[in-house]
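Under my numbering, the final residue of the sequence shown carries the number 268; numbering is consecutive throughout. The C-beta atom is built at its ideal place from N, Cα and C for all residues, glycine as well.
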Amino acid sequence: MVDSCRAKLRLTLSVSLGLGVWGSAASAGGLDFSRATMGRTTYPEGSWIVDTTQRYTVRRTGDPSGDTFRSSVELEHGQTERFSWTAGLETTDARRDRVQPGRGVLAARYMAVTAPLQVTPRAEYRPSLRRQAEEWELGFEALKNFERLSIVFNGNAQSSQEPGEKRLYVGSVMLGPLYRFGLNGIAGVQWVQGTDGNRHLATQVGGAVSKNIYLGVDSHFGLSRRAPDLQAAVKVHFYFGAYRRQAFGLAP
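Rendered as structure tokens:
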């Protein structure tokens, strides 16, 4: 029962955590800083990306016994201008001294619409490497660029099942602006609402620190009793490929 509850909690928290532009991996992720800086929902053709995320969750402030840590590493590839795929590994969501390999990550996304906004359906499967829940996620990412400002609207439906337990389902939506500043900086804020009442505010700040390295901090502040008080993630992207923000009519 405890493991089942933990699985449900992990599920409801992963709004964009790892899946998409603003999350590639559903569970581990959050904002994809390299892709967001370019104003895209897929990577340029031929590009390769190594995405690392270190996430710390404060379930309740003042009670460190509930704090957990999770780490992930993913390899992403822009197969075409519209299609990208991801493969990776994430650890269990546990106390720092008990972190172990937890799930694999397999994901794909395809930009189905390019104008007047980008709309990209995506799918992700996270098979368990231990006796814990396997997870599926289907969703979409919509992105509208206005020069330096972008509006993002993401939605997803997730399914999780512990061995021998009943399958759980939950959905969530995310809406908010992103603003690109300076040469390659980006900052954003989004409202996240889950179908189970999980609600929080997500903020991001980061950008390119060199031609091949993107760094960002992705924080989530709980606004409901179901949500953790705080989640903070440090993301480092190693990007190898062309910087093509003008694709599909994006502003230079």
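### Query
Can you name the start and end residues of the alpha helix (DSSP H) that Ala52 belongs to?
49–53
### Task
Quick one: using the 10 Å Cβ neighbour count with 16 as the cut-off for buried, is Gln116 buried or exposed?
exposed
#### Entry: Entirely enclosed beta strand (DSSP E) segments - the segment 139–199, minimum 3 residues
Listed in chain order, the beta strand (DSSP E) runs fully inside the segment 139–199 are 150–162, 165–177, 184–197, counting runs of at least 3 residues.
### Message
With three or more beta-carbon pairs closer than 8 Å as the criterion, would you say the segment 152–163 touches the segment 118–138?
### Response
yes
### Query
Who are Thr96's beta bridge partners in DSSP?
Answer is none; Thr96 lacks a bridge partner.
### Message
Alpha carbons only, please: which of Gln220, Pro244, Ala224, Gly204 is nearest the one belonging to Asn214?
### Response
Pro244
### Query
Considering only the beta carbon of each residue, do Gly204 and Leu194 sit closer than 8 Å?
Contact flag set, yes.
### Message
In this structure, how does DSSP classify Ser88 when only helix, strand and coil are distinguished?
### Response
strand
### Task
Please report how far the alpha carbon of Leu184 lies from the alpha carbon of Ser175, in whole angstroms.
6 Å
### Message
Considering only heavy atoms of the ligand FAD, does any lie closer than 7 Å to the CB of Arg147?
### Response
Absence of the ligand FAD from the depicted structure is noted, as is the absence of any ligand whatsoever, leaving it without description.
#### Entry: Ser240 burial status per 10 Å Cβ neighbour count (16 or more: buried)
exposed
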